[in-house]
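Report on the following structure.
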Amino acid sequence: MSPRRPVPNLKLSSVNMVVRLLAGAALRHDLVYIEETLRILIHLGLFTDIVNATLKLLNIRRTYSKPDKMLLHHKLLIKTLLPKLLNCHLVAINLRYDFIKHSFEAKEIILRGIRHFRNLERIDLSGFCTDELVTKLSRHCPHLRHLSANHSKALSNSALSALTGAIRDGSEFVLGCKELRRLEIFNCPLITASKLVSLILILPKISFISSEKMPIAFESSALFESGQRFQLTNFEHTVSHLERSQEKFYQHLTRGETFLHKVSEIFPKILTVKLTLSYYGDSHVVSQIRCFQNIHTLILELPDGRLEESFQELLMERGHQLKKLCLRVQFANLRDLTSVFQFCPSLTVFQFFTITLFDDGFHGTKWERFPSSEFLVELCLGVGKTFSRNIELFPAIMEELLLKMANMERVALSGICSSWLDDKSIDFLVIQGGLGAIRNLSINGKCPLTLISALSLIQHCQNLDHIPLHGWNLNVEDRLELINFIHANDLNVTI
390 MSPRRPVPNL KLSSVNMVVR LLAGAALRHD LVYIEETLRI LIHLGLFTDI
440 VNATLKLLNI RRTYSKPDKM LLHHKLLIKT LLPKLLNCHL VAINLRYDFI
490 KHSFEAKEII LRGIRHFRNL ERIDLSGFCT DELVTKLSRH CPHLRHLSAN
540 HSKALSNSAL SALTGAIRDG SEFVLGCKEL RRLEIFNCPL ITASKLVSLI
590 LILPKISFIS SEKMPIAFES SALFESGQRF QLTNFEHTVS HLERSQEKFY
640 QHLTRGETFL HKVSEIFPKI LTVKLTLSYY GDSHVVSQIR CFQNIHTLIL
690 ELPDGRLEES FQELLMERGH QLKKLCLRVQ FANLRDLTSV FQFCPSLTVF
740 QFFTITLFDD GFHGTKWERF PSSEFLVELC LGVGKTFSRN IELFPAIMEE
790 LLLKMANMER VALSGICSSW LDDKSIDFLV IQGGLGAIRN LSINGKCPLT
840 LISALSLIQH CQNLDHIPLH GWNLNVEDRL ELINFIHAND LNVTI
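Written as structure tokens, this is what we have:
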């Protein structure tokens, strides 16, 4: 494989050009130059990317103290960028920065400007969204499709009432956001599950809601007794040991009908299923996941249990549909891994975390059971400990697995999955082309990798742009040498 070549400046995107253009001014603390540059770029119609591009600069420059960064943030957004919003026909706004929730001036500018955003379709106000902001959006932004307000402690049920049009703004009625498709309100403690149920009943086009209250909302009798078919595509459910031992049934279920089967009937478009079982064993519920005809994402959590035969049966029936699979279990064996790759040929994202991994007599002749996958682009593996007679074979098994996934762009390893990595294994994978498409290699935990592996990856992996080095065996001199190598060759790699 040919060595990695420097990225020519002519191929830089407008965002990267902005970052590099402003880098020198940022180091000089030249705020006047930065403001003038932003005004020119806004005038040229590059406003869509300018906020993210400018603030990305502050994430890669470490010469600022925290007060300096806060000052520059405030200067850029409050004094220069936010007032410009009033003259732009924007369809999307992303203002999810932590500092902004402390800025009264920023909130006031947004409140004054909302009436100009008639074409707004998407807005992210995570961290500082309020009932007042949502009420204004519901009044002036009839085309809003996506609202993200995660981690907004002041957001309450009044905001959801505004979205449905069941509230007044002063003396005028709020029309609501009837076109809303996606609502993200995770970690908003004042919002209740009953209000989420009302939202689902009133907004016919809502297809995604992110909230820790959704498992409770899905159990509401009001949804099942409405006679409606809903558009939601994500489903979350938690089953406790108490519920299972009492064989809990709901009033809206007919005799012989299970809860998951009823959910699949009134939510026929479910694509994502998250199921948490807080008891040992899975056969009672996991087998019922098959009733979701269109499932392509499965998140299965068994904090006190292990995967059983019903999981194998589920993969055999629905595995060919799955695009993303996340497994978090107490106990697992290598047969579970091979089953995933055997029955899920279209998988693009696979996350697998377990405390204890058993080998189940897994011998070298079975390594070939890992089929090649051209679709898998993200692999996250984490294993806490293992009871295995053949623990010395684990590195070879991991190498075999990585070699079969030639198009992976992101790999994250933790626990014993990362401890087997050394310079020799990286050299073998690079030579064999196992990491040819890698963009991000993340290793959580200590590993024996040295500067040799870092330089080898950067030189031979053409798409590599990020290597977290937290657990690597690198001293200060090694890190400086690596940074100098990246700068000398003008490589677009962050470490």
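Take 390 as the starting number for the sequence shown in the working numbering and just add one per residue. Every residue gets a Cβ at the ideal spot worked out from N, C-alpha and C, and that includes glycine. The structure presented is a predicted model; accordingly, all values stated were derived computationally and were not measured.
Contact defined as beta carbons within less than 8 Å: I believe residue i pairs with residue j. What is the distance between those atoms, to the nearest angstrom?
i	j	result
Ile595	Gln620	6 Å
Ile827	Leu853	6 Å
Thr627	Thr581	About 17 Å; that fails the 8 Å criterion.
Thr553	Ser587	7 Å
Leu770	Leu802	6 Å
Val480	Arg504	Their Cβ separation, rounded to whole angstroms, is 16 Å, which puts Val480 and Arg504 out of contact at 8 Å.
Val766	Asn796	6 Å
Ser845	Ile815	6 Å
Leaving aside the five residues before and after residue i along the sequence, list all residues of the same chain whose C-beta is less than 7 Å from its C-beta, in chain order.
i	result
Met787	Cys806 and Trp809
Phe681	Ser653, Ile659 and Val662
Ser547	Asp520 and Ile556
Glu706	Arg679
Ile605	Ala582
Asp812	Leu838, Thr839, Ile841 and Ser842
Grouping DSSP H, G and I as helix and E and B as strand, with all else coil, what is residue i?
i	result
Lys584	helix
Asn722	strand
Thr519	coil
Gly708	helix
Val674	helix
Arg501	helix
Glu697	coil
Ser609	coil
Thr665	strand
Cys733	coil
Ala551	helix
Thr622	coil
Asn833	strand
Phe656	coil
Glu767	strand
Asn398	Interpretation of Asn398 is limited by its pLDDT of 34, a score under 50 that renders its predicted location unreliable; the figure taken from the coordinates is listed afterwards. Of the three classes helix, strand and coil, the one that applies to Asn398 here is helix, per DSSP.
Lys713	strand
Would residue i and residue j qualify as a contact pair, given that the criterion is a beta-carbon distance under 9 Å?
i	j	result
Leu704	Ser735	no
Leu536	Leu569	yes
Phe607	Glu625	yes
Asn539	Gly516	yes
Arg618	Pro657	yes
Phe747	Cys715	no
His532	Leu500	no
Phe759	Leu790	yes
Phe783	Thr745	no
Val718	Leu687	no
Leu592	Gly565	yes
Thr737	Lys713	yes
Would you decide whether residue i is buried or exposed? Buried here means 16 or more other CB atoms lie within 10 Å of its CB.
i	result
Ile684	buried
Ile847	buried
Asn722	buried
Ile820	exposed
Ala877	exposed
Arg534	buried
Val523	buried
Gly822	exposed
Ser610	exposed
Val865	exposed
Ser842	buried
Phe764	exposed
Lys525	buried
Gly616	exposed
Leu869	exposed
Lys584	buried
Asp725	buried
Identify, in the order they occur along the chain, each residue of the same chain with its Cβ nearer than 6 Å to the Cβ of residue i, setting aside the five sequence neighbours on each side.
i	result
Cys850	Leu824 and Ile827
Asp867	Leu840
Ser629	Ser667
Ser676	Ser699
Lys542	none
Cys530	Phe506 and Leu509
Arg571	His535 and Phe597
Lys567	none
Leu830	Val800 and Ile856
Trp861	Leu838
Cys733	Gly708 and Leu711
Ser762	Met794
Asn833	Ser803
Gln701	Ser728
Between residue i and the rest of its own chain, which residues show a CB-CB distance below 8 Å, the 5 nearest in sequence each way excluded?
i	result
Glu601	Phe575 and Asn576
Leu579	Lys542, Ala543, Leu544, Ser545 and Asn546
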